[in-house]
Each structure stands twice: as C-alpha cells, then as structure tokens.
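A short write-up of the structure that comes next.
Chains as they are written, first to last, in the working numbering: chain A, 1 to 495; chain B, 1001 to 1495.
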C-alpha cells in the first residue's frame, strides 16, 4: 500500500480518503524529517518533480511546502530549491526504519516524586459507575432534588450575568454565598462566625487537603477517629503525618484515650454530630474535654460536620465550633452531601488566624471556585429554597430510615443485623455477628444487587468492628423494603 | 441594662427584641454554664422561681430547660430539681467575670506547618476587584462571550439532568468532554492523544500544582523561563524545588543555556506557542533540542499552551507535544482563558505513564470537577459553538490588536514604547526605554485609569526587562484608542 519515492528511498503512507493531498504531503514530509529519513541539509526534489512522482498537481506540492518553510522544517535557497533545514538535530528520534515507527512511541523514563510514588490505593479515584443501587452510602436523595427549579435559577442567573460574574473571582468564594452560609450556620449549627471566616471550597476533601498541608509537618501526630473517614486518613498520610487512631465508643471519640496516646498531637479530626461511620454523637462532656485539651496542647480540631443537617430526633447538638472560645476549631461542611454530589461546592469556617493562610493556599491550588455555580447556590439560599429543601429532606429521610428500621425490627432483616441508634444523617451502621464477616457479606450482597459498605474497612488500628454501612437516603421506602429482602437472602444464603 | 438573678449573682444579657424568651434563657444559661459562672453540680432554682425572677411564664423556663437537659448541660434529679451536670469540667474557659467575656475569644496558639508558614506573597490570592480597566492582561473578551446561548444550554442540560448527572462523578472528568477535547486538540494543536490521556481540571494552576507534587522532590531542579509565569514559579517553589531561571530570547527559551545551567533538571516549564510574557514562539530547532534533552535527562516538559488558540498570522506551530515521541510532554490548557475566567475548567493531556498517578492525586485534592458545568461545555463543543467562538474571537482580537498597534505606530503612543512582534494571544509585550522604569509607569498609568502589568515583575534571575504587558482582548478598539491616549499622558507626565 505504500508508494516509493525516488529520493532517499522515502516511504510515504497512502493518503487517507477525503484528506486534502496538500495536508497529506505536508504531514508525510514533516514525519520524514522528524524521523531522520530526510537528513538535515538534504536537497528536496523540485516541486515539479515531486508532483510528477506522486501524480498530483504542482500547486498541491507548493501548498505543502509553504507551512514546512514557515515552520522551519525546510529552507529555501534562492535559485537552488528547497532543503531540509541545516540546524535540525540529525536523526532526532533515533527511530528504526520502516513506516510503523512513527507511531511506535517509547515511554518517558522520567519518574515520580516520592509523594507521587507513594500514592496508594487507600483512597482510589472516583470513576464513573452505576449509581443508586440500594444502600449505597453517602448519597442524598437525588430523586427528590428540585432540579427543574435549579435549572430555572441557573438559566436566569447565567443569562443576566455581566462581565463581573464572568470575569471576577475571589479565592475566598462569592461574597453573597459566604454571607448566606454564615447566616445559615449560625442558626442551624450554632456556628459563631462572620462571613469573613467562611471560605467556599469544592467540598470537604479540598478542605482536608488544604488544612493538612497548612498545619502538618512530616511526623506530626494527628488524632483520627477509629473507625473513621478514609478520605481524611489519606489527606493526613499524604503529608507524612503520623496518624494516631483513637477509639470511638458509644459517646464518640474517646478523648481521654487520645490524651494518653498522643498528648501533643497537632490536629484532631472528628465528626462530632454524627460519627462516621458509626453514627454516634460526641457527648457534651467529651466535647468540652476535647476543646480543653486542644487549647492546652496548641492543637487544631477539624470538625467534619458532614451530614448533621439531617437530624431526626431531638434538638441538634450545636457544633463543637459553637463551644470553642479559643478559636482552634476548623468547621467543614459540604453542599455535595446536602444537595447533589456533582455540584462540587462546600464551605469551611476558619479560626481568624487561619483565614488568610487558607485562602492563600487555596489560590495556589486552584485559584477560586466556579462563580456562576456559586451565584446560583446563593440565589437558592436567598430565595429560601435551601431551607425548604433541607426541611423536606429531613422528612423524607426520616420516612426512609423508618422503612429501614422496620425491616430490621420486624421485617426480613430481623435478627440478622443490629442497627445502631441513629439520630441524624443519610446512613446507618448495622452490626453483624462475628459469624458473618462483613467483607463476605458485601460480596454476597453485591450478587443480589445490593451495595453495602463493610464497616471493617474504616478500622485503622482496631479489629473488632464488623458490620455494614447502609445508606437509606437515596432509595424510596419501597426500594428499601425490596433491598432488605435481598440483603436478607444474601445474609442467609452465604453463611 | 442587665438583670440580676438572685442565685449565684448570675448576670444575664437582656433578651434581644423579637427573640423568643425560651431561646434567650437557653442561651444565657448555657453561656453561664460554659463560662463557669454556674458551677458543676450546682442546683438551679425551680422553674417556678426562675419564672418569677425573670417575669416570664413557667412554660418558657421549661422550654429552655428541655434542650439543656437533652444536651447534657443540666441533669434532672427526681424530686429535687435540676442541677448543672456533674461531669462538666469546672470553669472550662477560665473567662474573667463580666458579661462581655463571653464574646472575648482568644486566638488559638496552634501553628502552621513549615509549608504554611512559607506561603509568601509572590502569588497572592485572587480577590474581587474592579474588572475591565483597559489593558488588563489575561482576560478574554467578556463583552463578546455568547452568554445567552450558554444560559440556554445550561438551562436545558440541567432541567434534563437525571440521577447520573447529579450523582456520578469521574476524577478524570466527564467522558464526553474529554473526547471533545481530544478531538479538538488533535485538529487545532496537532496534539497526539486519546481521550484517556485527557483529564479535566479547574485550570492550569491546578495542573501545575498537581504535576509539581507528582514529579518534584525538594531540591529537584526545574527550568523556568526567565521572564516567566509567576503562578508556575509559586507551584514549584511550594514543593521546595530549586528553580533554575533560563533566559528567553527572540527564539524563546534558550535551551542550550538550560543545558549548561541544569543538565539534570527534573522538569522544564515552557510556553512555546506564545511565551509568557514576551510573546515569542519557540523555534523549531529549539523545540527539537528541548525534546532531545528531556529524553536524555529523563526530564518532564510542562507545555503551558495558555492562549495559543488565538493566532493572527501564519499557520500555528503545532504543539511541542505533537513532536514528542518519547512521551515526556505534559500539555496544559485552560477554558478560563478561551471562554470566561470564572468558568474554572481546563484540561491536561498526560503522557500515558502519568495518567493514573495524576488522576489519583486530583482525587485526593478535590475528588472531581463539577459535572453539570462540564456537560454544558461538552454540549458547547459538540454543537459546534466552541469552534465558532474561537473563530469569532480570533477576528475580534486581531481587530483589537490592530487598534493597539496603530496607537503605537502612528497614534499617541508612537515613540513612547516598542511593541514586540506578536502572532498570537490576548496581550502584547511593549518595551520601554530605561529612562521609564515600568514599575513607575504602572503607578502613573493607574492614576490615569489604565491598568498595565510591569514586565519586570516576571523576571526571576535577570534584571534587564523593562516594559509593559498590554491586554487588548477585553477592550473595544475605541476603548483601546482612548486608553492609549491616557497611557501616553502617563508616560509623558511622570518622567
């Protein structure tokens, strides 16, 4: 299929159907120069000769030579035709001969940094996957999100956007959204802050990584709830911090144990409202003990308030931040959990001392968050839709949780697992007897089309946790009942 | 203004107008417990007594006690009333007495990491500011962006979004957008890649920081164009890399100088299509020399293709990536420069070896980019609007550049500054005589309402650059002429 060119035994690939011949000739000549088949300073046939050799119009050859001359591959010498440029490195790519070599690329031998080389599989990238199998955790009710309203708000906001909204970004976030968040958190979570302390981020993962970099040096100790959130663990390990697992019991993080294990830790990571994954609340006594320790130890506290907006019973405990008069609590939350996961907006309330360093670090990381999205969310707040959505979801989730609890009390799951007392959130921890190891249950459940997260994967130092994390927010009561029957089948069948 | 309560000399702040009295009493009691004015285990007056003392209904006092009991601040002992919880740390906050102490917060003594402490002012966070003064650099034409069309696409896309688009994110980016980018770059920039090598990011700053972390260890050498882009410099310095300034001349980066200065560098940062800030293109000879060096030195090349889509004369030089058969070029671009700055979407084309580590690191950093925005941009591509917009902008920018050049050739700026030959982009470098130091010119121009960036701020090791970076894309020809007259006034007046 290849034509032979009489000069230099040059092999050209045939032109693809429909491709202009000038473009074809340009590419073939350029490739020949780059692989060294056409040597530096060698003389090319005249445009007339080339046209004849390839059976194409001379104008086509001239059209191909133009860009080669302009780009420096060829040089034109008055009166003697065209030459391959003299100053090109000879046989640049050391490619073997034959037409296939042009696509045979070698891999670079350049390497990764130590950090890059150690990126482990503990916190794998998120890939597209089938969504919405029943009991998948960490998902809000996507069937109930008012997407038509959101689309209307977005369309209006974007059509009206002037050059300010198109051009002007603030590394701290869109000011009206920061103000709406400060107001909301004051009322809903007792957070004491001004809008100046609120920074809009893409979600809690970004806050975690930025805080980890800002306050941790290699070897610094960090209290981690055990069991606890893997994304936080990964962020701390990425900074080569020494993670100290601190056990969680029915009152939440065992603060006294933390003080024994690592009295001089630099940071404590905690989910006080609704411990991830066990679901318990940190008791008031421990809240105060934790704050007292942090003040004395000059430590920071990272309060991950990940789904505490959804509380079903009792008045919500105010945030740890609301009790903190020593300004050591970093309070983080995410709209991705409250509205929908692909929104990619969240917030952090920072102690005054950390505000400027955090904004600086975020600017280095990705400059500032998308402004139109923030403006739409600000409208969603200001027009009252946010509060309304949270209230509606609280009701819906309570109903979905009730359906789940019923299946475990008197339905197909009765006697098979033990759902922990749950006051808030989008998922419930369910404990299994030791005879049913949670990793095996996960596999058996998957075979039944049910997705459950084994609690044991969240263990850091301990080995006594055996159970499942059951998401109930993103499935209707009917779907929950159906899935419970399938899960019961998996539990019965495999053991 | 404060009432005296007979027990413990307790001082309550008066209730704010409109605040429910139960909420007021709850907060005041809670504050008194937290500051230690109400001691652990101390007995509270009966609800009847408290109601009488404060002249409020007994039901109001009961309503305030409820959450305090529930949250663990108070304990109820059968038959003997309510007590402050026994296990609360005594006088937790050690606050001085007086009603103002509750708001007097101390700053935490917790500190920053070495990295956090070194965050310098070289790359300050982006704050909201007045936009669109003439000659502001790095801004596309926001007056010409088809915002109504974008709003229409967004509204349609969002209204139709199902649970997949609301819930499903991929750390590598939205697949149809990755495919559209791969197709576009193949045609427009000669980039050789599959969609698998394309990762969607928030912009080039995110790519820079991720690449820096992924491939640089402290002390590793990095070639930086001198003068060069400050954001890249900051990203490399953040990893404690040793930045080696390599001079730029009329052929672009002086590759031979780089080889002399740091033959074993790990990374070279370069803007070959349109050097930032000088505007020159890297010659073909140097492109090939750079690639040959990188292959031999096992170095990576970071090709920042920041505004090369807008080329006014000649056929665009294909990207460096298109010449790279050793897979060492990381090719980065940004839609924030091509469409509008607050969009926060960009792309990187990675050598196969870096794809997985990069996606992993990005997932650790912020999980994945906003999906609806990506879907709207994918529609913008697929329906042909992207190509059309780029073509329209190329014409508009050529017209705006012509207006600028005219002011410098025969208009008010003639003889005052020397605009460098420019083939592409959104801004032009203009050199000043040594008698007009660019920092002073910036100040004088600002007083005239004109924003110019001094070229000298982009110098890393050298000290011979004196000039201005003049953005011309975001101002109409008429605005450019007017601003040129003002700039001429500033140049004439101040020296």
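The beta-carbon is built from N, C-alpha and C at its ideal position, and this holds for glycine as well. Note that the coordinates shown come from a computational prediction; the quantities given were computed from them, not determined experimentally.
* Asked: According to DSSP, is residue 242 of chain A helix, strand or coil?
  -> Per DSSP, reduced to three states, the secondary structure at residue 242 of chain A is strand.
* To do: Measure the Cβ-Cβ separation of residue 1171 of chain B and residue 126 of chain A and say whether it is below 8 Å.
  => Residue 1171 of chain B is a Cβ neighbour of residue 126 of chain A, given a cutoff of 8 Å.
* To do: Ignore the nearest five residues each way along the sequence and tell me which others in residue 456 of chain A's own chain have a CB closer than 7 Å to its CB.
  => 438, 439, 465, 466, listed in sequence order.
* **Entirely enclosed beta strand (DSSP E) segments - the stretch 1275 to 1316 of chain B, minimum 3 residues** => You should have 1300 to 1304.
* Asked: For a contact meaning CB atoms closer than 9 Å, what does residue 1155 of chain B contact in chain A?
  -> Taking a Cβ-Cβ threshold of 9 Å, the residues of chain A close to residue 1155 of chain B are 151, 152, 154, 155, 156, 158, 159, in chain order.
* **Cβ distance (whole Å) where residue 1215 of chain B is taken to contact residue 1319 of chain B below 8 Å** => Not really, about 20 Å apart at Cβ, beyond 8 Å.
* To do: May I have the straight-line CA-CA distance separating residue 261 of chain A from residue 483 of chain A, to the nearest angstrom?
  => Rounded to the nearest angstrom, the two C-alpha atoms are 42 Å apart.
* Inter-residue spacing [alpha-carbon to alpha-carbon] between residue 1487 of chain B and residue 1423 of chain B -> Those two C-alpha atoms are separated by around 23 Å.
* Using a beta-carbon distance below 8 Å, is residue 1470 of chain B in contact with chain A? -> Proximity of residue 1470 of chain B to chain A, defined by a Cβ-Cβ separation below 8 Å, is not satisfied.
* Three-state secondary structure (DSSP) at residue 1420 of chain B? -> Coil.
* Can we say the stretch 364 to 375 of chain A touches the stretch 1344 to 1360 of chain B, given the rule of at least three CB pairs closer than 8 Å? -> Flag = yes, the stretch 364 to 375 of chain A and the stretch 1344 to 1360 of chain B touch.
* Asked: Between residue 280 of chain A and residue 248 of chain A, which are expected to be in contact by the criterion C-beta below 8 Å, what is the C-beta distance as a whole number of angstroms?
  -> Rounded to whole angstroms, the Cβ separation of residue 280 of chain A and residue 248 of chain A is 7 Å, and the two are in contact under 8 Å.
* Asked: In this structure, what does DSSP give as the bridge partners for residue 135 of chain A?
  -> A:471.
* Under 8 Å between the Cβ atoms of residue 1472 of chain B and residue 1400 of chain B? -> Between residue 1472 of chain B and residue 1400 of chain B, the C-beta gap is smaller than 8 Å, which places the two residues in contact.
* Establish whether the CB of residue 217 of chain A and some CB of chain B are separated by less than 8 Å. => Residue-level contact by beta carbon holds for residue 217 of chain A and chain B, with a gap shorter than 8 Å.
* So, does the CB of residue 87 of chain A fall closer than 8 Å to a CB anywhere in chain B? -> Judged by the 8 Å Cβ criterion, residue 87 of chain A is in contact with chain B.
* Hey, which unbroken runs of the beta strand (DSSP E) at 3 residues or more fall wholly within the stretch 1336 to 1364 of chain B? -> The stretch 1336 to 1364 of chain B contains, as complete beta strand (DSSP E) runs of 3+ residues, the segments 1346 to 1349 (chain order).
* Span of the alpha helix (DSSP H) holding residue 1373 of chain B? -> Residues 1371 to 1382.
* Which residues in chain C sit within 9 Å of residue 1083 of chain B, going by Cβ to Cβ distance? -> Of the protein chains in this structure, namely A and B, none is chain C.
* Taking C-alpha atoms, which residue in A:241, A:269, A:243, A:242 lies nearest to residue 252 of chain A? -> Considering only A:241, A:269, A:243, A:242, the residue with the shortest C-alpha distance to residue 252 of chain A is A:269.
* Relative to the alpha-carbon of residue 51 of chain A, which residue among A:66, A:74, A:39, A:25 has its alpha-carbon at the smallest distance? -> Comparing Cα-Cα distances from residue 51 of chain A to each of A:66, A:74, A:39, A:25, the minimum goes to A:25.
* Asked: Can you name, in chain order, every residue of its own chain whose Cβ lies under 8 Å from the Cβ of residue 460 of chain A, other than the five neighbours on each side?
  -> Counting only Cβ-Cβ distances below 8 Å, and skipping sequence neighbours, we find 224, 226, 227, 228, 233, 243, 245.
* Nearest CA to the CA of residue 38 of chain A: which residue from A:73, A:289, A:22, A:287? -> Cα-wise, what sits closest to residue 38 of chain A is A:73.
* **Spatial distance of residue 1326 of chain B from residue 1309 of chain B (CA atoms)** => Cα to Cα, the separation comes out at about 25 Å.
* Asked: In whole angstroms, what separates the C-alpha of residue 335 of chain A from that of residue 1078 of chain B?
  -> Cα to Cα, the separation comes out at about 44 Å.
* To do: Given a cut-off of 8 Å, decide if residue 1028 of chain B and residue 1048 of chain B are closer than it, judged by their beta-carbon atoms.
  => Taking the C-beta atoms as reference points, residue 1028 of chain B is found no nearer than 8 Å to residue 1048 of chain B.
* Asked: In chain order, which continuous runs of the alpha helix (DSSP H) of length 4 or greater are located wholly inside the stretch 33 to 72 of chain A?
  -> Fully enclosed alpha helix (DSSP H) runs of 4 or longer: 47 to 54, 58 to 70.
* In angstroms with no decimal places, state the Cα-to-Cα distance between residue 1019 of chain B and residue 188 of chain A. => Approximately 16 Å, taken between the alpha carbons.
* Where residue 421 of chain A falls, given that 16 or more other Cβ within 10 Å makes a residue buried -> Exposed.
* Asked: What residues in the stretch 1323 to 1355 of chain B bring their beta carbon closer than 7 Å to a beta carbon of chain A?
  -> If the cut-off is 7 Å between Cβ atoms, the stretch 1323 to 1355 of chain B has 1323, 1325, 1326, 1327, 1328, 1340, 1341, 1342, 1343, 1344, 1351, 1352, 1353 near chain A.
* Please name the residue in A:338, A:306, A:337 whose C-alpha comes closest to that of residue 330 of chain A. => Closest option to residue 330 of chain A, judged by alpha-carbon separation, among A:338, A:306, A:337: A:306.
* To do: Report all residues from its chain with a CB closer than 7 Å to the CB of residue 1068 of chain B; omit the five preceding and five following residues, and keep chain order.
  => In chain order, 1026, 1029, 1030, 1074 place their CB closer than 7 Å to the CB of residue 1068 of chain B, counting only its own chain and leaving out the 5 sequence neighbours on each side.
* Return the CA-CA distance between residue 1104 of chain B and residue 285 of chain A, expressed in angstroms with no decimal places. => Only weak support exists for where residue 1104 of chain B lies, its pLDDT of 41 falling under 50; the value from the coordinates is given anyway. Cα to Cα, the separation comes out at about 23 Å.
* Proximity below 8 Å, CB of residue 179 of chain A to CB of residue 1298 of chain B -> No, they are not a contact pair.
* With 16 as the cutoff for other CB atoms within 10 Å, does residue 304 of chain A come out buried or exposed? -> The residue in question, residue 304 of chain A, is buried, as its Cβ has 16 or more Cβ neighbours within 10 Å.
* Burial state of residue 113 of chain A (16 or more Cβ within 10 Å) -> With a threshold of 16 other beta carbon atoms within 10 Å, residue 113 of chain A meets it and is buried.
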